[in-house]
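Below is one structure, written out as C-alpha cells, with a few remarks after it.
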Amino acid sequence: MSTIVRRGTRVQEGQIRFHYDGREYFGQPGDTAASALLAQGVRHFGRSVKYRRLRGVMAAGSEEPNALLTVGTRPAVIPNVPAPRLTLHEGLVLRSQNRWPTLSVDLASLLQIGGGFFGAGFYYKTFMWPNWRTYEPIIRRLAGLGEAPGACELPPVAVENCSCDVLVAGAGAAGLAAARAAARAGATVVLCEREPVCGGELEFEGGTIEGRESLNWVAATLTELAGLGARVLTDTDLVGGSDGQVVLHRQRGGIAGADTLYRVRPRSVVIATGAVERPIAFIDNDRPGVMLLGAAECYLARYGVRVGREAVLFANHDRVYAAAARLAAGGMQVRAIVDTRSASTGVGNSLRAELERTGTQCLSGHAVIAVEGGREVRAVRVAPLAGSGPERRIVCNVLLQSGGWSPNTQSGAQDGGAREYSPGLAAFVAAEQPLWRAFAGTANGRLELCDVLADGQIAGEHAARQAGCATGAGAGAVTAIDARGDGAPRLVAFWRSPSPPQLEKKQFIDLQNDVTVADLRTALAEGFSDIEHVKRYTTLGIGTEQGATSAVLGAAILAELKGVPPGAVGISRPRAPFAPVTMQSLAGLRVGSAFRISRRTPLHAWHAAHGGVLESSGLWLRPRYYLANGPDAFTAGIAEARRVRATGGIVDGSTLGKIEVAGPDAAVFLDSMYLSKASTIKAGRGKYMVNLREDGMVLDDGLVLRLAPDRFVATTSSGHADHMLSHFEHYRDTQWNGRAVTLTDVTEAWAVIAVAGPQSRATLQRVLGSAWHEILTRLEHMGFADGHFQGRDLRVLRASFSGELAFELHCRPGIAVTLWQTLNDAGLGPYGLEALDILRVEKGYLVSSELNGETTPHDLLMDGLVKLGNPCLGRELLDRPGLHKPARPRLVGVRARDGRSKFLAGAQLCTENERTHPVGYVTSAVFSPTLDQWIGLALLARRLGEDTQLLARDPLRGGDTPLRIVPAVHFDPTGERMKQ
Amino acid sequence: MSRLHCPFCGPRELREFRFHKTLPTEPGTAFAGIYERIDNPELSVEHWQHVEGCRGWLRVTRNPSSGAVLETRLLGGGVA
C-alpha cells in the first residue's frame, strides 16, 4: 500500500480499501478508481472489445473509452462504469472487462496474432459457411461489453420531477457565469455538474477572474448561488432532453441503487457542458500510456497523480506549452513537445523557450507517427511532417496528446439540433438553437477564458429573459467579467499522422469499438459514404460514450479520405444517453410488483385460500383452476368442466366490464354503437350485442341490459371496460357532440358470480330465499331481475357462457364472499378459467382469440346481426368487397380426424395437397371431456368446402395433425340444455 | 411535445393522455378517411383523451416535424 499522501483539489488524507481484479488496493477519500489505480502504478484497465488489445486509461471523465469496469459482485453488478467517473468508497469491488481468464493472459487476444485484424463487416463476410448460426454462440461469447447483472434485488432508485426557470448544464466557468446571471435576474436555477465538484477546467488551469484566483471565484460564485436559492446537483449527468423535458442522472460511486433520475422541466436551458479533448490517430495510439493531455493535468491537479515519469506531449495548438509547464511543475519530466504546426505558425509563446532551457525538446512541424511497446508505451517515433528530416525515437512511458477540443453539443443534437463545422476550432458547434436553449462557453466553441465567461453570462441573462424574468437594471447590474487564462490556442487542424497504408489498421479512431482508419477506408470502398452509414457499418461512435472522443475525429478522417472538407461530411447524430445510465435508473420505481398494477376481484382472498391457482388475465388476477380438482390445469380443468355439465359450478366473473349508460339519449346512443339495436330491448331484459371498429372489424361483444327506459348496463369482455369506456366517450364527444348520455364504469361496483349447470336454478332457489323462488322459475333466457340478498343489491341475470342453464349473480362486492361461500356450501363447486374455456369452446362461444381485431361479423358467422341493418359505427365499411372475398376467413369447428389426436391453438391449417401455404389457423383448442376428444375453433378460408381434409401444422410443438371441419358449435347445437 | 395543455386541467404530462387517432386532412368517404390518408408532416389534427385526468376528449393540432402543439380544444358539449 501507498504511504505517500497525495495532495490535490479533490483528495483528502485518509485511506479507502478496495479490490480490483481480486487484488487489494488503497486510495484516498475523493479518489476515483482511475486515479487510485494509476497512483499505484496500474496501467492496464481492460482489453478492447474486438481485438482484445490491452488498454489503459485515456481520459479523466465519462468520455473514457477504454477503462470500463464492472462494479460489484455477481449477480448485483454494474458493467461499463468508466473508471474516471467512479468515486471510490470502502470495500468497492472492481473487475476489468473483455478478458478471459485474466487481464494479463487473455486467450481471445490470440486472435489478433493468428487471424489478423477483424475489419469492418468481418463477421458478415467471414462466418458464412455453412451459416452464421454455427458461429454465433462463440462470437456472442466473445462479443459484448462487460457483463449484465443477474437476477438480484437492488434498492430502488429515486426519481424526482422538478421544474425551474433556468437549467444550466455544466458548472465550469461558463455554466457558473450563466447560473449566476440567471439567478441574479431572479430566475429559479438548477445547475447540474457531472463531476463531484464544480469548476470544470478552472480546477487546474489557473488564471484570475474578477480579481480573484479562479478557484476562489468558483467558491464565491457557488456561495452566491446558494444565497440566491439556486440548486446545485453534482455527480449529475445531463442524459438527454427533448420537448422541453430534460433528464438528469445522478450516479454516485457505482453503488447499485444509489442513483437519482431527475426529470426537469425548465423554461429555458443553458448548455455549458464544455468540450472533450480529442485524440490524434497514429500507429498504435491505443497502447496503455497514450493519454489525453488534459486528462494528465486533471489527474495531477485533482488527485496528485503523475500518470507517468517521462512524458512526450503531442499537440496541434499553443496550450500544450502551458500544460507542459504545469506538468513539469508537478514533478513530471517532459521529454519532448511534438507540435504539428510548422514553426512559422507562430508559437509566440515565451513558455517554449523556458521549457527548452529545462531540457524539453520542442519539435515544430513534427508528428508522433507510432508508439513502441505492446503492454505499455516505451518510446515514440517522431517524424517531420514536411521535407525529409530524420525520424527520431524518444524514450518515454507516457504520451500525452491533444488534437483540439470537440464541444459537447450532444445534448442539443439529440432532438435534431443542427451542428456545423467550425474551421477555426476544427470541430462542430451547435448551429441555430430554439430561443429556449443556448449553448455557452466551450460547448459553444469558445476557448479563451474571458470569452467563455462572457458567453456564459450572456446565455444566462438570455435564458432568464426567456423564462420571463426581468434582466434590466432592477435585477442588479452585472459587472463585466475580466479574466486571464491560458490564452488563444491558435489551433491548426491535425487529425492523423502519416502512415503506410498497411498500418492504417493500427491507427485507432474509436478505441471503445476498435474502429481504425482502415475500417473507414473499407467502408468507403464498399459504398458506405454517408457518415451515418459509415457509423453503422464500422460501429464508429456507437459505444457507451457515444463517440465522445471519436465522432469528430472519425468524421474528419472520413472527409480526408473522401477528399472533401469536414463540413461536407457532417457529424453523425448522437443518441441519449450521453453517458451510460443503468436500466434500473430509467425504470425508476416501476420495477417488480410496481411494474404494473394487478387488479383483484372481491373474491380474490377466497380463491387464494382455497387452492385457486391464479393467473394474469390482462391486469386481473383470476383463478385458472383449483388444486382440489386436480394437480395441474389440464386435469383440474377437465374435472371442473365435467362437473359443471353434470351438476353445476360457480365461477368468478367479477372481471366482466360493466359500463352504465344513462340519459335521455342512451338508447339511441347505444343503437349507433352496436350492430343490433338497443332501443328494442325491453326494460328487465338483456341482449347479446356486438360492436365494431370504424373499419368494420369486431371490437368487442357483451350483453346489454336495460335497467330502465333511459338506463342501460353494457357489459364488455374482461379487461376491456377501460378501452370501451374511452371508445363510448370518444364517440359521444365527437360524433354526438356531447349528447345527453352519461357513461360510468361500474365494473368494480358489482361482483359477478356465474352459476352454471343443470342444478343451478334449484340451488339458487334454496340459497337465495323465498323472495327469489318464483322469480327464478319464470326468468327467461336474457331476462334479469333486481332484488336483495342479505339486504344488499343483487341482480340475477339468466345468461349462459357454458351452454348450460345458467345465471349471473351481480352483487355488491361486500356480500360477494358470503354469497359465493353459500353457493359453494350448497354443492356448487368453483371452476376456473381452464374449465370456462373448455365449456365455451364446446359451445363455439367467442373470446379474444376469435375477436382478435382482424375478424368481421361475417367471418364470425354473425351474418344475421348484420342483416338487421342497424346503421352503426363501422357498419359502412363492412360492405367493402375485400371483406367478402373467398379468401376471407370463416369460423369453423375442427376436430382430429382420428378422434383422439391432440392439436393446439396457433397451429396453421393447410390442405392435404398444399402443405406449405396455410389457409387458416386454429384459434382455440381444448380437450373436451363431454366429447372425449380434442376440439377446436378455427378461422379458415371461406372458399374451402366442409369436406376439406385439413392438416394442422405445428412444427415447433407437435408436428402435423389431420383435422376435419365440423360446425363451430360442437355440443348441444340447438341449445336444449340452456332452455330447461 | 411531452406535455399537453388540457383545457380543464392545465398543462399535464403526456403520459396522462391517450392518443386515439389522426383525423383525415381532407373531407371524404369513411373509406378514404381510414385507408386513403396522406400524411402531412407539418400539420396533424388528432384526437386525444385525458384518460388519467378529467377524461375529456381533446382535439390537438400539432406540427409533427417540430413537435409544436398549435392548438388544443375540448371536444363535446361537456355533459354531466
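Those protein sequence lines, which keep their order, are chains A and B.
Quick note on the numbering used here: the first sequence kicks off at 11 and runs consecutively.
Quick note on the numbering used here: the second sequence kicks off at 335 and runs consecutively.
Ideal Cβ positions, reconstructed from N, Cα and C, are used throughout, including at glycine.
From Q443(A) to R402(A), what does the alpha carbon distance come to, in whole angstroms? By 1-based counting over the first sequence, the position of residue 443(A) is 433. By 1-based counting over the first sequence, the position of residue 402(A) is 392. Cα-Cα distance, rounded: 48 Å.
Indicate whether at least one CB of chain B lies closer than 8 Å to the CB of T744(A). Indexing the first sequence from 1 puts residue 744(A) at position 734. For T744(A), the answer is yes, since a Cβ of chain B falls inside 8 Å of its Cβ.
In the DSSP assignment, what are the bridge partners of D116(A)? Taking the first sequence and counting its residues from 1, one reaches residue 116(A) at position 106. DSSP, once it has assigned bridges, lists P111(A) as partnering D116(A).
When you compare the segment 572–580 of chain A with the segment 776–793 of chain A, are there three or more beta-carbon pairs, one atom per stretch, that lie closer than 8 Å? no
Below 9 Å on C-beta distance, what does L409(B) contact in chain A? Taking the second sequence and counting its residues from 1, the one referred to as residue 409(B) is at position 75. Going along chain A in sequence order, the residues near L409(B) (Cβ under 9 Å) are H740, D743, T744, N747, G748.
Name the chain A residues whose beta carbon is nearer than 8 Å to that of F342(B)? The residue given as residue 342(B) occupies position 8 in the second sequence. Ordered by position in chain A, no residue passes the 8 Å Cβ test against F342(B), which lies about 13 Å from the chain.
Minimum Cβ-Cβ distance from S539(A) to chain B less than 8 Å: Residue 539(A) sits at position 529 when you count from the first residue of the first sequence. Not closer than 8 Å to any Cβ of chain B, the Cβ of S539(A) fails to qualify, so no.
Where G968(A) falls: helix, strand or coil (DSSP): Here the question's residue 968(A) lines up with position 958 in the first sequence. G968(A): coil per DSSP, three-state reduction.
Nearest candidate by alpha-carbon position, reference V21(A), set Q38(A), I14(A), F28(A), R27(A): Here residue 21(A) refers to the residue found at position 11 when the first sequence is read from its first residue. Selected option, being the one with the closest Cα: Q38(A).
Which complete beta strand (DSSP E) runs does the segment 258–297 of chain A hold, if anything under 3 residues is left out? 270–281, 285–287
Once the 5 residues before and after W760(A) are set aside, which same chain residues still bring their CB inside 8 Å of it? The count along the first sequence starts at 1 and reaches residue 760(A) at position 750. Same-chain partners within the cutoff: S664, K668, R805, H820, C821, R822, P823.
CB contact check: D873(A) to chain B, cutoff 8 Å: As a working mapping, residue 873(A) is identified with position 863 in the first sequence. Not closer than 8 Å to any Cβ of chain B, the Cβ of D873(A) fails to qualify, so no.
Could you run through the segment 880–899 of chain A and flag, in chain order, every residue whose CB is less than 8 Å away from some CB of chain B? E886, L887, R890
Would L713(A) pass as a contact of G884(A) if the rule is Cβ separation under 8 Å? By one-based count along the first sequence, residue 713(A) stands at place 703. By one-based count along the first sequence, residue 884(A) stands at place 874. Not a contact, by the Cβ cut-off of 8 Å.
Could you please tell me which residues of the segment 355–369 of chain B, in chain order, have their CB closer than 7 Å to any CB of chain A? A364, F365, I368
Taking DSSP's pairing of strands, which residues face W382(B) in a bridge? One-based indexing of the second sequence puts residue 382(B) at position 48. In DSSP, W382(B) forms a bridge with F353(B), L392(B).
For G125(A), I'd like the list of residues in its chain whose CB is within less than 7 Å of its CB, leaving aside the five on either flank, ordered along the chain. Translated into the one-based positions of the first sequence, residue 125(A) becomes position 115. Low per-residue confidence applies at G125(A): pLDDT is 46, beneath 50, and the placement is therefore not dependable, though the value from the model is reported in the following sentence. Cβ neighbours of G125(A) beyond the five flanking positions: none.
Cβ-Cβ separation, R963(A) to D957(A) (assumed contact under 8 Å), whole Å: By one-based count along the first sequence, residue 957(A) stands at place 947. By one-based count along the first sequence, residue 963(A) stands at place 953. With 8 Å as the limit, D957(A) and R963(A) do not qualify as a contact, their Cβ atoms being about 20 Å apart.
Counting only runs of 3+ residues fully inside the segment 591–651 of chain A, write out the beta strand (DSSP E) ranges in chain order. 622–627, 630–636
Put S859(A) into one of helix, strand or coil per three-state DSSP. By 1-based counting over the first sequence, the position of residue 859(A) is 849. Of the three classes helix, strand and coil, the one that applies to S859(A) here is coil, per DSSP.
Report yes or no: do three or more beta-carbon pairs, one from the segment 589–597 of chain A and one from the segment 435–452 of chain A, lie closer than 8 Å? no
Are the C-beta atoms of G239(A) and some chain B residue less than 8 Å apart? The residue labelled residue 239(A) in the question sits at position 229 within the first sequence. No, G239(A) lies away from the interface with chain B (no Cβ there is under 8 Å from its Cβ).
May I ask you to list, following chain order, the residues of the segment 693–716 of chain A that have a beta carbon less than 7 Å from some beta carbon of chain B? E704, D705
Closer than 7 Å, Cβ to Cβ, to anything on chain B: give me those residues from the segment 419–445 of chain A, in chain order. none
Within 10 angstroms of its Cβ, does E670(A) collect 16 or more other Cβ (buried), or is it exposed? Here residue 670(A) corresponds to residue number 660 of the first sequence, with the count starting at 1. By the neighbour-count rule (16 or more Cβ atoms within 10 Å), E670(A) is buried.
Below 6 Å CB to CB, which residues in the same chain sit around A533(A) once its five sequence neighbours on both sides are set aside? In the first sequence, counting from the first residue as 1, residue 533(A) sits at position 523. If we look at A533(A) and ignore the five residues flanking it on each side, its Cβ neighbours are A130, V544, Y547, T548.
On the three-state DSSP scale, how would you describe I372(B)? Position 38 of the second sequence, counted from the first residue, corresponds to residue 372(B). Three-state DSSP puts I372(B) in coil, outside helix and strand.
How many whole angstroms separate the CB atoms of T933(A) and E886(A), which I take to be in contact at a CB cut-off of 8 Å? Translated into positions along the first sequence, residue 933(A) becomes position 923. Translated into positions along the first sequence, residue 886(A) becomes position 876. With 8 Å as the limit, T933(A) and E886(A) do not qualify as a contact, their Cβ atoms being about 27 Å apart.
Among C308(A), F981(A), A826(A), L563(A), whose alpha-carbon lies nearest the alpha-carbon of D803(A)? Within the first sequence, numbered from 1, the residue matching residue 803(A) stands at position 793. Considering only alpha carbons, the answer is A826(A).
Starting from the beta carbon of G387(B), find every residue of chain A whose beta carbon is closer than 9 Å, and list them in chain order. Against the second sequence, residue 387(B) aligns to sequence position 53. Correct list: empty, because the minimum Cβ distance to chain A is about 13 Å.
Which residues in the same chain as R407(B) place their Cβ atom closer than 6 Å to its Cβ, once the five residues preceding and following it in sequence are excluded? By 1-based counting over the second sequence, the position of residue 407(B) is 73. Correct list, in chain order: R393.
To which residues does DSSP link Q255(A) through a beta bridge? Here the question's residue 255(A) lines up with position 245 in the first sequence. BP columns for Q255(A) point to S252(A).
Contacting residues, own chain, Cβ-Cβ under 7 Å from V700(A) (five flanking each side not counted): Here residue 700(A) refers to the residue found at position 690 when the first sequence is read from its first residue. Taken in chain order, the residues that qualify are Y684, L685, V708, D711, P867, M872, L875.
Check whether the Cβ atoms of Q517(A) and F292(A) lie closer than 8 Å to each other. As a working note, residue 517(A) is residue 507 in the first sequence. As a working note, residue 292(A) is residue 282 in the first sequence. Contact: yes.
Paired residues, beta bridge with P89(A) - DSSP: Here residue 89(A) refers to the residue found at position 79 when the first sequence is read from its first residue. None; P89(A) has no bridge partner.
Assuming the contact rule is C-beta atoms closer than 8 Å, R967(A) and R900(A) should be a hit. Round their C-beta distance to whole Å, please. For the purposes of this step, residue 967(A) is identified with residue 957 of the first sequence, where counting begins at 1. For the purposes of this step, residue 900(A) is identified with residue 890 of the first sequence, where counting begins at 1. Not quite, the Cβ-Cβ distance comes to about 25 Å (not below 8 Å), so this is no contact.
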